[in-house]
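In our numbering, the protein residues as written are 732 to 1038.
Below is the structure:
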């Protein structure tokens, strides 16, 4: 079949061997494949003593974490599309399950098993409006809180983590009293964390303006400071153990990295920091300075462990 294609004033004859109207799939981006030795070394690195990377990741879920099927068109919306070298992922916007988010759930399992990546539940500690059912009883924090309801809240979260197959919890501390946050961290640490029955599962507390009490260090693995440079935040432990401190930049405001590389190389006067990371890490998938997906967080991880 002879067809003519017009390009301005030029006519190009094209001879086609066949004329098929069936669309052919086009692989724009093919994931790399690696050997089992690569994954074994990757898991060994995650278990070694090193400064860790920590990110908040939301794009695995439908908008606002709503339940329902999502079939992402981009690897930027896939958990398996995250950099292999990431240590801990905060599941911002909910928890994927086999029933509610099957693709994200399978991605998470693959990253846990093959890459040694850990996933934590995002637990709110910014207000007292929570209502939840636990062990046949309904709890309503809007009616007031005491040690009974705070213990139930902590144990409900612990059960949620275990049932969901996650690797721990991050309490988003931005509104509770310091006493309530300390109490809940102590309860969580009975099960997870440095003193828990399952110490391989993490207890983490993240904060922005008001740091939790110094006493909380004994009951958590890490403290994540929301060191968002657009709000004037910076590195510094406020008296907490430096090796527990993780400093996160906001890629929501600085998708190309902001101060992340400075956080990666910064060290306290003695010892070392816990690590660094990013809020809304997915924004760095497309908005990069090099064209390489997630270039800023990849560079930060390399710098932390090689400078």
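Glycine included, C-beta positions come from ideal geometry on N, C-alpha and C.
Note that the structure is predicted; figures quoted are calculated from it, not measured.
Exclusion of the five residues before and after residue 782 leaves 1003, 1004, 1005, 1006, 1035 and 1036 as the residues of its chain whose Cβ lies within less than 7 Å of its Cβ.
Inter-segment contact for the segment 864-882 and the segment 831-850 is absent: fewer than three beta-carbon pairs are separated by less than 8 Å.
Distance from the Cα of residue 896 is smallest, within the candidate group 945, 996, 814 and 836, for 836. Within the same chain, 970 come within 6 Å of residue 945 by CB-CB distance, once the 5 residues on both sides are set aside. Residue 1009 and residue 982 do touch by the CB rule: their CB atoms are close to 5 Å apart, below 8 Å. Nearest C-alpha to residue 958 among 947, 775 and 980: 980.
Residue environment analysis places residue 779 among the exposed positions, since fewer than 16 neighbouring C-beta atoms fall within 10 angstroms of its C-beta.
By the neighbour-count criterion, in which 16 or more other beta carbons inside 10 Å mark a residue as buried, residue 857 falls on the exposed side. Every alpha helix (DSSP H) stretch that sits fully inside the segment 803-888 and reaches 4 residues is listed by chain position as 833-846. Between the alpha carbons of residue 765 and residue 827 lies a gap of roughly 26 Å. Spanning the alpha carbons of residue 934 and residue 915 requires a straight line of approximately 10 Å.
Here residue 995 has 1007, 1031, 1034 and 1035 as same chain residues with Cβ atoms under 6 Å from its own Cβ, once five neighbours each way along the sequence are excluded.
Taking the C-beta atoms as reference points, residue 790 is found nearer than 8 Å to residue 1013.
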